[in-house]
Amino acid sequence: MATLRDALDDLVADIDGLFLFSPSTSYYERFDDVDVSRVVIAAANDVGADTFVELPLAFDNTRDRIKFGVEGAMERGYVAEGDTVACTVEMFGEDADCLVRVRVDETMRSGIYDLFTDSRAEPGVIRDVFEVAIDLGKKGQKGKPVGALFVVGDAGKVMNKSRPLSYNPFEKSHVHVGDPIVNVMLKEFSRLDGAFVVSDSGKIVSAYRYLEPSAEGVDIPKGLGARHMAGGAITRDTNAIAIVLSESDGMVRAFKGGDLILEIDPEEY
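As structure tokens, then:
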């Protein structure tokens with residue numbers, strides 16, 4: 000008769016890697032003799048792991064945390080499509096208390112990892128702006144589809160490469176994205192033309208900005224218009240990222256270094 004231990008052993012049978020989320024040194028060392036590679040996924044590599052994926056956000060949702068870790072490991076070449084990994088995460092306390100078996104699939108490569116890593120803006124700021132765009136994509140403006148462009152980070156250079164289309168309602172303010180009241184303001188102003196400019200730390204620097212960098216050399220998919228072209232061009236010429244909500248198809252896209260790195264349907268996010 001199979002014991003409970005035998006049944007649970009199936010979770011780690013034939014795995015290709017072990018993902019340890021934010022382990023303590025003592026917990027990490029418990030796996031020194033395992034015969035599969037260990038990947039540490041945490042805010043910092045405090046255990047000196049050879050294979051490490053930075054976790055820039057806490058990701059309160061465990062599923063999102065695991066997906067981010069797997070995507071980061073794919074980008075770094077630690078795992079590939081078809082691999083199976085076991086993930087140890089903490090759900091109810093400070094120590095790992097949950098084991099999840101995951102099969103790696105290319106559909107996990109969403110672009111979220113690229114959006115948050117090696118970006119000048121603070122990860123929490125990127126998350127807040129991204130969530131505003133997602134919420135706008137789901138609800139629109141008074142029930143109607145709306146387009147919007149948010150440029151995040153390197154605000155000084157972005158302002159130098161743009162000009163105002165109208166008065167700047169944030170010129171003398173010190174409001175930051177992420178505040179629920181401010182997010183309501185962003186959604187309200189989004190129905191008007193121009194881009195929002197947000198600083199590295201999340202301060203809303205301006206609305207109604209016309210971005211002026213040349214579009215020469217920027218390659219965006221066919222069917223995307225001026226808003227996407229401007230987003231791609233400004234990220235090529237600055238260290239900003241651009242998050243674009245398309246009015247025509249409702250998709251949220253992100254640009255970094257002049258390239259399209261992410262494309263998400265808000266209804267499926």
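Per numbering that gives the first Met the number 0, residue 0 is the first one in the sequence shown, and the count goes up by one each step.
Backbone N, C-alpha and C fix where the C-beta goes; we use that ideal spot for every residue, glycine too.
Quick caveat, the model's predicted, so the values are computed rather than measured.
Problem - Val181 beta carbon less than 8 Å from that of Ala154 - result: Position 155 of the sequence shown, counting from 1, holds the residue named residue 154. Position 182 of the sequence shown, counting from 1, holds the residue named residue 181. One thing to note: Ala154 has its Cβ no nearer than 8 Å to the Cβ of Val181.
Problem - Cα-Cα separation, His175 to Asp15 - result: As a position in the sequence shown, residue 175 is number 176, starting the count at 1. As a position in the sequence shown, residue 15 is number 16, starting the count at 1. Cα to Cα, the separation comes out at about 43 Å.
Handout entry: His173 burial status per 10 Å Cβ neighbour count (16 or more: buried)
Key = On the sequence shown, residue 173 is found 174 positions in, with the first residue counted as 1. Under this definition His173 is an exposed residue.
Problem - Ala42 versus Val35, Glu211, Ser23, Phe30, residue with shortest Cα-Cα distance - result: Taking the first residue of the sequence shown as 1, we reach residue 42 at position 43. For the residues Val35, Glu211, Ser23, Phe30, the minimum Cα distance to Ala42 belongs to Ser23.
Problem - Beta-carbon separation (whole angstroms), Val103 vs Val69, contact threshold 8 Å - result: Taking the sequence shown and counting its residues from 1, the one referred to as residue 103 is at position 104. Taking the sequence shown and counting its residues from 1, the one referred to as residue 69 is at position 70. Val103 to Val69, Cβ: 6 Å. Contact.
Handout entry: Ala214 (DSSP reduced to helix, strand or coil)
Key = Locating residue 214 in the sequence shown gives position 215, where the first residue counts as 1. Ala214 carries a coil assignment under DSSP once its states are collapsed to helix, strand and coil.
Handout entry: Leu87 in three-state terms, based on DSSP
Key = Taking the sequence shown and counting its residues from 1, the one referred to as residue 87 is at position 88. Note that residue 87 is Thr in the sequence shown, not Leu. Three-state result, Thr87: strand.
Problem - Where Ser247 falls: helix, strand or coil (DSSP) - result: Translated into positions along the sequence shown, residue 247 becomes position 248. Coil, per DSSP.
Exercise for the section: Decide yes or no for the touch test of the region 77–88 against the region 100–114: beta carbon pairs closer than 8 Å, at least 3 of them. Expected result: Contact between the region 77–88 and the region 100–114 is present, because at least three Cβ pairs lie under 8 Å.
Handout entry: Complete alpha helix (DSSP H) runs within the region 47–110 (minimum length 4 residues, chain order)
Key = DSSP runs (the alpha helix (DSSP H)) wholly in the region 47–110: 61–74.
Practice task
For Asn44, collect the residues of the same chain with a Cβ closer than 7 Å to its Cβ; drop the 5 residues on either side in sequence, then sort them by chain order.
Solution key: In the sequence shown, residue 44 corresponds to position 45, counting from 1. Within the same chain, Cβ atoms closer than 7 Å to the Cβ of Asn44 are found at Phe51, the five residues on either side in sequence being excluded.
Problem - Local conformation of Leu164 per DSSP, three classes - result: Reading the sequence shown from its first residue, position 165 is the one you call residue 164. Correct three-state label for Leu164: coil.
Handout entry: Three or more C-beta pairs below 8 Å linking the region 155–165 and the region 206–221
Key = As far as the Cβ criterion goes, the region 155–165 touches the region 206–221, which means the pair count is three or higher.
Exercise for the section: Drop a sphere of 10 angstroms on the beta-carbon of Arg62, count the other beta-carbons inside from all chains shown, and report buried for 16 or more, exposed for fewer. Expected result: If you number the sequence shown from 1, residue 62 lands on position 63. Flag for Arg62 reads exposed.
Problem - Rounded distance between the beta-carbons of Ala253 and Leu244, thought under 8 Å - result: The residue labelled residue 244 in the question sits at position 245 within the sequence shown. The residue labelled residue 253 in the question sits at position 254 within the sequence shown. Contact flag wrong, Cβ pair sits at about 11 Å.
Problem - Where Val39 sits in the DSSP three-state scheme - result: Against the sequence shown, residue 39 aligns to sequence position 40. Val39: strand per DSSP, three-state reduction.
Exercise for the section: Report buried or exposed for Met107, applying the criterion of at least 16 other Cβ atoms within 10 angstroms of its Cβ. Expected result: Position 108 of the sequence shown, counted from the first residue, corresponds to residue 107. Under this definition Met107 is a buried residue.
Problem - Reference Gly256, options Phe169, Lys171, Leu114, closest by Cα - result: By one-based count along the sequence shown, residue 256 stands at place 257. Looking at the Cα atoms, Leu114 is the closest of the given residues.
Handout entry: Classification of Asp8 by the beta-carbon crowding that lies within 10 angstroms, buried from 16 upward
Key = Here residue 8 refers to the residue found at position 9 when the sequence shown is read from its first residue. Per the 10 Å Cβ criterion, exposed.
Problem - Close Cβ partners of Val217 (< 7 Å) along its chain, the five nearest in sequence each way excluded - result: For the purposes of this step, residue 217 is taken as the residue at position 218 of the sequence shown. Taking C-beta separations shorter than 7 Å and ignoring five residues to either side along the sequence, the partners of Val217 in its chain run Met228, Gly231, Ala232, Arg235, Gly257, following chain order.
Practice task
Using beta-carbon positions only, say whether Val251 and Ile240 come within less than 8 Å of one another.
Solution key: Taking the sequence shown and counting its residues from 1, one reaches residue 251 at position 252. Taking the sequence shown and counting its residues from 1, one reaches residue 240 at position 241. Going by C-beta atoms, Val251 is not nearer than 8 Å to Ile240.
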